[in-house]
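Protein sequences, first through last, are from chains A and B. Each residue of the first sequence is one higher than the one before, counting from 1 in the UniProt record's numbering. Each residue of the second sequence is one higher than the one before, counting from 1 in the UniProt record's numbering. Heads up, the beta-carbon is just placed ideally off N, CA and C, and yes, glycines get one too.
Number of protein chains: 2
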Amino acid sequence: MLSEFELIARHFARSPWGESHGVALGVGDDCALLTPRAGCQLVVSVDTSVAEVHFPADAPPAAIGHRALAVALSDLAAMGAAPRWCLMALTLPAVDDGWLGEFASGFHALCEQSGVALVGGDVTRGQLAISVTVHGEVPVGAALTRHAACPDEVLAVTGTLGGACAGLKAWQAGERDLAQPLLASYLLPQPRLAAGQALRGLASAAIDLSDGLLPDLGHLCEASGVGADLDAAALPLADGLVAALGEEGARQAALAGGDDYELLVSLPSSAWDVARTRLAALGLTLTAVGSCSATPGVRGVAAVDGWQHFPGGKP
Amino acid sequence: MLSEFELIARHFARSPWGESHGVALGVGDDCALLTPRAGCQLVVSVDTSVAEVHFPADAPPAAIGHRALAVALSDLAAMGAAPRWCLMALTLPAVDDGWLGEFASGFHALCEQSGVALVGGDVTRGQLAISVTVHGEVPVGAALTRHAACPDEVLAVTGTLGGACAGLKAWQAGERDLAQPLLASYLLPQPRLAAGQALRGLASAAIDLSDGLLPDLGHLCEASGVGADLDAAALPLADGLVAALGEEGARQAALAGGDDYELLVSLPSSAWDVARTRLAALGLTLTAVGSCSATPGVRGVAAVDGWQHFPGGKP
Numbered sequence: 001m002l003s004e005f006e007l008i009a010r011h012f013a014r015s016p017w018g019e020s021h022g023v024a025l026g027v028g029d030d031c032a033l034l035t036p037r038a039g040c041q042l043v044v045s046v047d048t049s050v051a052e053v054h055f056p057a058d059a060p061p062a063a064i065g066h067r068a069l070a071v072a073l074s075d076l077a078a079m080g081a082a083p084r085w086c087l088m089a090l091t092l093p094a095v096d097d098g099w100l101g102e103f104a105s106g107f108h109a110l111c112e113q114s115g116v117a118l119v120g121g122d123v124t125r126g127q128l129a130i131s132v133t134v135h136g137e138v139p140v141g142a143a144l145t146r147h148a149a150c151p152d153e154v155l156a157v158t159g160t161l162g163g164a165c166a167g168l169k170a171w172q173a174g175e176r177d178l179a180q181p182l183l184a185s186y187l188l189p190q191p192r193l194a195a196g197q198a199l200r201g202l203a204s205a206a207i208d209l210s211d212g213l214l215p216d217l218g219h220l221c222e223a224s225g226v227g228a229d230l231d232a233a234a235l236p237l238a239d240g241l242v243a244a245l246g247e248e249g250a251r252q253a254a255l256a257g258g259d260d261y262e263l264l265v266s267l268p269s270s271a272w273d274v275a276r277t278r279l280a281a282l283g284l285t286l287t288a289v290g291s292c293s294a295t296p297g298v299r300g301v302a303a304v305d306g307w308q309h310f311p312g313g314k315p
Numbered sequence: 001m002l003s004e005f006e007l008i009a010r011h012f013a014r015s016p017w018g019e020s021h022g023v024a025l026g027v028g029d030d031c032a033l034l035t036p037r038a039g040c041q042l043v044v045s046v047d048t049s050v051a052e053v054h055f056p057a058d059a060p061p062a063a064i065g066h067r068a069l070a071v072a073l074s075d076l077a078a079m080g081a082a083p084r085w086c087l088m089a090l091t092l093p094a095v096d097d098g099w100l101g102e103f104a105s106g107f108h109a110l111c112e113q114s115g116v117a118l119v120g121g122d123v124t125r126g127q128l129a130i131s132v133t134v135h136g137e138v139p140v141g142a143a144l145t146r147h148a149a150c151p152d153e154v155l156a157v158t159g160t161l162g163g164a165c166a167g168l169k170a171w172q173a174g175e176r177d178l179a180q181p182l183l184a185s186y187l188l189p190q191p192r193l194a195a196g197q198a199l200r201g202l203a204s205a206a207i208d209l210s211d212g213l214l215p216d217l218g219h220l221c222e223a224s225g226v227g228a229d230l231d232a233a234a235l236p237l238a239d240g241l242v243a244a245l246g247e248e249g250a251r252q253a254a255l256a257g258g259d260d261y262e263l264l265v266s267l268p269s270s271a272w273d274v275a276r277t278r279l280a281a282l283g284l285t286l287t288a289v290g291s292c293s294a295t296p297g298v299r300g301v302a303a304v305d306g307w308q309h310f311p312g313g314k315p
């Protein structure tokens, strides 16, 4: 049996990042020592992924590692932050070196793809869970928040919706091919980091779609003190969603399925063309799905099952 | 049943810290926005406390909240960092509003005592666990690390040893009075934040005693490439330790009991008087327990039971 320290050293100590990435001291001491960039604010968030709550315990370990980091990075994306550093608190029911190696490879691959240095962590014994703290940076005052959406602005989402919900159902039905796009949407979400940074100076408010379009729109509206008129017919459905779930199922998945990790933004119509062009340059669509309103509440969609968080009144 | 968001808002959103503490945006958005101090490095660490692994699940909730933060802050203390901000990832088996209120009160009380702003978090469902990420700051280059101890330096510990181990045994024997000092040592450890900062510029290396004196000394020696000669007779035993555990039990608790969260430092003898005086001004003792050596390994103590992590050779 390897000790906690040996586990950390073997699978998580490797890091291609050094002083040039602001890492004065990485994994291996009581703390990491980091050098923030002058003129920037620090952007921090933590997300815990629990087995059988947030992901299937028997999912491929590399996908579990990827996904645990991706959902945390998605919060940085929603703030328009450039990712810098992360820490991982890993709780394991048992030590399985093969599992850990694959898990770490999925985690490290997304670190490298996103420009995030893993600078610290903790390994404990218990029910499988991964808590990831992410650190990003934004120029002072440039962060996107939830609370500055204004009436008459365009509400828009990146990418497509509903795919993760359908992917979960596919997993539950026995699908195991990660090349299947809907399953990949669920197990290998892509945090919209470049999109969030591209929308700085254009969007007045942003949030990532973790709970689902309607509940997350509710959070944004509540924080900004606005309402919303959605255009249900405009929702960008994931490819194959209607074929997988039927028309009504696809609509519900897009509105309240959750786990899509796209961005929902509010932006003035004057910024629309530039925003769309910038995202197109990143290979990503931006789709208008409605508009903000001075009238509280969300209109334009019928009630959706299985959706409890939304604090405003249902239409 | 309160939603995750309402739980967070009720118990964890309150914060007396604002812009003056570097908090541009606290709990409630996708991320917190923080303003690092110019001329400082950021010091970060994460620690997870799992019920029945790190603390008794039926311990007083306020003590669980205190302890989860204290063990994380102890890592900042070991780096000589001034604490600034924290995030909490809380995993709960069920929602109990009374439990949460007490837990939060213990957590917040230590936040206020230590000058730490809670700026974000996540609440998930699962086995009770608390993962706390802490952020501190040190002037560039002033951090204490594990890797710079030198031969012939004095090895010293703050406070007393073995109390937490005896406190755990007392809890297991039915003691429930938190005014009992040994039990308090275990459930309400005091991170040595002021001591760590006072030792900047004096100590050449530091580590906090979470695993126990011998294993943590092993980590320090390994990182620094030195050995150590301990003076077992010099160990500062917690008050009442011999009465509680007997002489041999007290010795083992002090050497390998763990959970004391004192600091172990290495410092040149020229710095000894100043260091001791500075800590005395904080109401804290500093006790020499041995010296560093160019010869690898730890000498001066007989083998200790129940102690597996130490990477060097046992005497």
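- If you compare the alpha carbons of B:H108, B:A173, B:L183, B:D152 with that of A164 (chain B), the shortest gap goes to B:L183.
- Contact fails between the stretch 35 to 54 of chain A and the stretch 149 to 169 of chain A, because fewer than three Cβ pairs, one in each stretch, are under 8 Å apart.
- For E222 (chain A), the enclosing alpha helix (DSSP H) covers residues 213 to 224.
- Counting along the chain, D122 (chain B) sits inside no alpha helix (DSSP H); it lies in the beta strand (DSSP E) bounded by residues 117 to 125.
- Interface annotation for the UniProt domain "PurM-like C-terminal" (152 to 297) of chain A against chain B: I207, D208, criterion Cβ-Cβ distance under 7 Å.
- Residue burial is scored here from C-beta neighbours: G26 (chain A) has at least 16 other C-beta atoms within 10 angstroms and is therefore classed as buried.
- By the neighbour-count definition (other C-beta atoms within 10 Å, threshold 16), G283 (chain A) is an exposed residue.
- DSSP, read as helix, strand or coil, puts A254 (chain A) in helix.
- Within the stretch 127 to 151 of chain A, Q127, A129, S131, T133, A143, T145, R146 place their CB atoms closer than 7 Å to a CB of chain B, listed in sequence order.
- The contact set of P36 (chain B) on chain A, defined by CB atoms closer than 7 Å, consists of P36, L42 in chain order.
- Neighbours of L25 (chain B) across chain A, judged by C-beta separation under 7 Å: T145.
- Note on V134 (chain A): 16 or more other CB atoms within 10 angstroms of its CB, so buried under the neighbour-count rule.
- By the C-beta density criterion, R176 (chain B) is exposed, having fewer than 16 other C-beta atoms within 10 angstroms.
- Here T277 (chain B) carries a helix assignment [DSSP, helix/strand/coil].
- At a cut-off of 9 Å between beta-carbon atoms, G120 (chain A) makes contact with chain B.
- Taking the Cβ atoms as the reference, L202 (chain A) lies roughly 14 Å from A288 (chain A), outside the contact range of under 8 Å.
- Per DSSP, V50 (chain A) is one residue of the beta strand (DSSP E) stretching across 40 to 50.
- Per DSSP, H135 (chain A) is one residue of the beta strand (DSSP E) stretching across 129 to 139.
- According to the DSSP assignment, A302 (chain B) belongs to no alpha helix (DSSP H), since it is labelled neither H nor E.
- Taking a contact as a CB-CB distance under 8 Å, the pair A117 (chain A) and V53 (chain A) does not count as one, their CB atoms being some 28 Å apart.
- In the DSSP assignment, S266 (chain A) falls within the unbroken beta strand (DSSP E) covering 263 to 267.
- A223 (chain B) is a Cβ neighbour of H147 (chain B), given a cutoff of 9 Å.
- A buried status is given to T48 (chain B), since no fewer than 16 other beta-carbon atoms sit within 10 Å of its beta-carbon.
- Interface with chain A (9 Å Cβ-Cβ cutoff): C31 (chain B) is included.
- With a contact defined as Cβ atoms closer than 8 Å, L264 (chain B) and L199 (chain B) miss out at about 11 Å.
- Note that the stretch 100 to 109 of chain B touches the stretch 60 to 77 of chain B; at least 3 beta-carbon pairs, one per stretch, sit closer than 8 Å.
- If the five residues before and after L267 (chain A) are omitted, its C-beta is found closer than 8 Å to the C-beta atoms of E153, V154, A156, L199, L202, A203, S204, A275, all from its own chain and listed in chain order.
- Excluding residues up to 5 positions away in sequence, P151 lie with their Cβ nearer than 6 Å to the Cβ of A294 (chain A) in the same chain.
- R299 (chain A) sits exposed, since fewer than 16 C-beta atoms from the chains shown fall within 10 Å of its C-beta.
- Neighbourhood of V46 (chain B) in chain A, by CB distance below 8 Å: L87, M88, A89, G120, G121, D122, S131, T133, in chain order.
- Each residue's CA atom was taken as its position, placing L213 (chain A) and D260 (chain A) some 9 Å apart.
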